[in-house]
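Asker:
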DNA sequence: TAGATGACTAATA
DNA sequence: CTATTAGCCATCT
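Numbering (our numbering), first residue to last: 342 to 446.
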C-alpha cells in the first residue's frame with residue numbers, strides 16, 4: 342500500500358531506548374508534510390508485532406492520545422522498559438531519546 | 001465518485 | 001505564546 346510500507350520500514354528501524362516523531366518519519370520517507378499519513382499508518386497498525394508504535398510520539402514528545410495497542414499505559418510501560426523516562430506531564434525528553442537515523446546510518 | 005476524517009507538522013498572522 | 005491554514009494519503013460513509 343504505497344506510502345504505508347515506507348512508514349513501516351522506518352518505524353521498524355527505530356532502536357530500543359529511542360523514540361521518533363511523526364514528522365521525522367515523514368521526512369525520512371520523503372514526505373515532510375505527510376505526518377498525518379504516518380499517524381494513520383500506525384493507527385491501522387497491520388503488524389503490531391513488527392511495528393513498535395510505542396516508539397512513535399508527536400512532536401512534543403508526548404503520547405498521541407489514541408493508542409491502538411491496549412492503551413497508553415502499555416505504551417508508557419514499554420517505553421519505561423527501554424530506559425525511556427517520562428516527565429511529570431507524561432512527556433518524553435526528546436533531547437535525549439529522540440532517534441537520530443542519520444547517526445544510525 | 002465525491003466529500004469528510006484522522007495517532008500530525010510547519011508556516012503565517 | 002495561541003489561532004488559523006494548508007499539505008499529505010489511505011480509509012470510511
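We put the CB at the ideal spot given by N, CA and C, even for glycine.
Fair warning: this is a prediction, and the values are worked out from it, not measured in the lab.
Taking residue 364 as part of the alpha helix (DSSP H), name the residues at either end of that continuous run.
Answerer: Element bounds for residue 364: 363-369.
Asker: Taking residue 390 as the reference, which of 349, 443, 435 has the closest Cα?
Answerer: The option with the nearest alpha carbon to residue 390 is 349.
Asker: Just how far apart, CA to CA, sit residue 394 and residue 366?
Answerer: The straight-line gap from Cα to Cα measures roughly 12 Å.
Asker: Using DSSP's beta-bridge definition, name the partner residues of residue 427.
Answerer: Per DSSP, 433.
Asker: Alpha helix (DSSP H) containing residue 419: first to last residue?
Answerer: Note, residue 419: alpha helix (DSSP H), 413-422.
Asker: If you follow the alpha helix (DSSP H) that residue 377 is part of, which residue opens it and which one closes it?
Answerer: Counting along the chain, the alpha helix (DSSP H) containing residue 377 begins and ends at 376-385.
Asker: Please report the straight-line C-alpha distance between residue 351 and residue 360, rounded to a whole angstrom.
Answerer: Taking the straight line joining both Cα atoms gives about 12 Å.
Asker: Residue 432: which of 443, 442, 396, 444 sits nearest, CA to CA?
Answerer: For residue 432, the nearest C-alpha among the options comes from 396.
Asker: With C-beta atoms as the reference, is residue 362 less than 8 Å away from residue 399?
Answerer: Result yes, Cβ atoms of residue 362 and residue 399 sit closer than 8 Å.
Asker: Taking the beta carbon of residue 444 as the centre, do at least 16 other beta carbons fall within 10 Å, making it buried, or is it exposed?
Answerer: The residue in question, residue 444, is exposed, as its Cβ has fewer than 16 Cβ neighbours within 10 Å.
Asker: Output the distance between the C-alpha atoms of residue 420 and residue 427, rounded to the nearest integer angstrom.
Answerer: Taking the straight line from one Cα to the other gives about 9 Å.
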